[in-house]
Every structure is written in structure tokens, then in C-alpha cells.
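Going by our numbering, the sequence shown opens with residue 4, and the numbers climb by one from there.
Scroll down for the structure; my scribbles are underneath it.
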Amino acid sequence: MVGDLQTGQDLSIGAGCDYRAIVEHEILHALGFYHEQSRTDRDDYVTIWWDQIIPDKEHNFLKYNDSFITDLNTPYDYESLMHYEPFSFNKNESIPTITAKIPEFDDIIGQRLDLSAIDLERLNRMYNCSKS
Ligand SMILES: [Zn+2]
4 MVGDLQTGQD LSIGAGCDYR AIVEHEILHA LGFYHEQSRT DRDDYVTIWW DQIIPDKEHN
64 FLKYNDSFIT DLNTPYDYES LMHYEPFSFN KNESIPTITA KIPEFDDIIG QRLDLSAIDL
124 ERLNRMYNCS KS
């Protein structure tokens with residue numbers, strides 16, 4: 004669940020998902036972060052191929068306006084740990100559902116290696132932490 008439920012919440016990491024970056028991704032949700040491509044300005048940065056999405060999975064590609072999620076005055080981040088990869092909820096294994104407007108970033112979006120510099124900056128801004 005995204006954000007503070009006031010009661011704490013359990014995070015369960017299933018088999019095959021027990022990688023550090025995936026755990027970090029789920030923790031970022033719990034800390035209040037949505038997927039990067041949910042940003043209101045995302046259509047300037049990525050294309051959503053709606054007719055390639057598995058039926059009934061389209062809700063995963065909704066965007067939310069600024070009154071609901073905040074970008075904390077940070078730029079769109081193709082490197083974010085919270086970004087989907089091109090073949091997310093795709094019905095045809097060779098056709099992507101989300102691609103970068105700058106094609107070079109198609110190899111970057113969806114990275115699950117580590118927090119990006121901007122992920123870290125957002126964490127610091129969200130929780131009023133200063134960088135050391
Ligand atoms: Zn997620």
C-alpha cells in the first residue's frame with residue numbers, strides 16, 4: 004500500500020522477488036511513492052501503448068494529478084526504481100506497453116539495480132532529511 008496507514012504494514016516479498024532493488028521498490032511504495040509513470044507530466048516523457056496492455060490491467064498505467072501525488076519539484080526520472088520497464092503488463096511478449104520519448108532510455112526504464120540519485124533526493128525531501 005502506498006503511504007502511511009497509521010497502523011504499520013507488512014511487506015511480503017515473494018519467491019523470485021527477493022532482490023534488494025525490488026525490496027527497495029516496495030519500501031518506497033510504503034514510504035509514500037507511486038510509480039514514476041503515474042506523474043501528471045509523464046506523457047511528455049513516455050508513450051503508453053494502451054492497446055498492447057493486457058485487458059483489465061490498464062489501471063496500472065493511470066496517471067494522477069498534482070493534488071494527489073507530488074513530484075517534490077524533481078524532474079521526471081527515467082532511472083527511477085519506481086519506473087515500469089517497457090514490457091509491463093504486455094499481452095504480446097515482443098511488443099512493449101511503455102516506451103521512452105527518448106529511445107535511448109528504453110534500456111534504462113525499469114532498472115532494478117538500485118535507487119537513482121533522484122529517488123534518494125525525493126526521499127530526503129519527503130522526510131526533510133538533509134543530505135550528508
Ligand atoms: Zn510498484
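Virtual Cβ for every residue (Gly too), placed ideally from N, Cα, C.
In the DSSP assignment, the residues bridged to A103 are V49.
Counting other Cβ atoms within 10 Å of its Cβ, G11 stays below 16 and is therefore classed as exposed. Less than 9 Å divides the Cβ of H86 from the Cβ of Q40.
Look at M85: its beta carbon is less than 8 Å from one of the heavy atoms in ligand 1. Secondary structure of I25 (DSSP, three-state): helix. DSSP places I16 in the coil class of the three-state scheme, outside both helix and strand. C-alpha of D69 to C-alpha of R128: approximately 16 Å in a straight line. For L126, the uninterrupted alpha helix (DSSP H) run begins and ends at 120 to 129, by DSSP.
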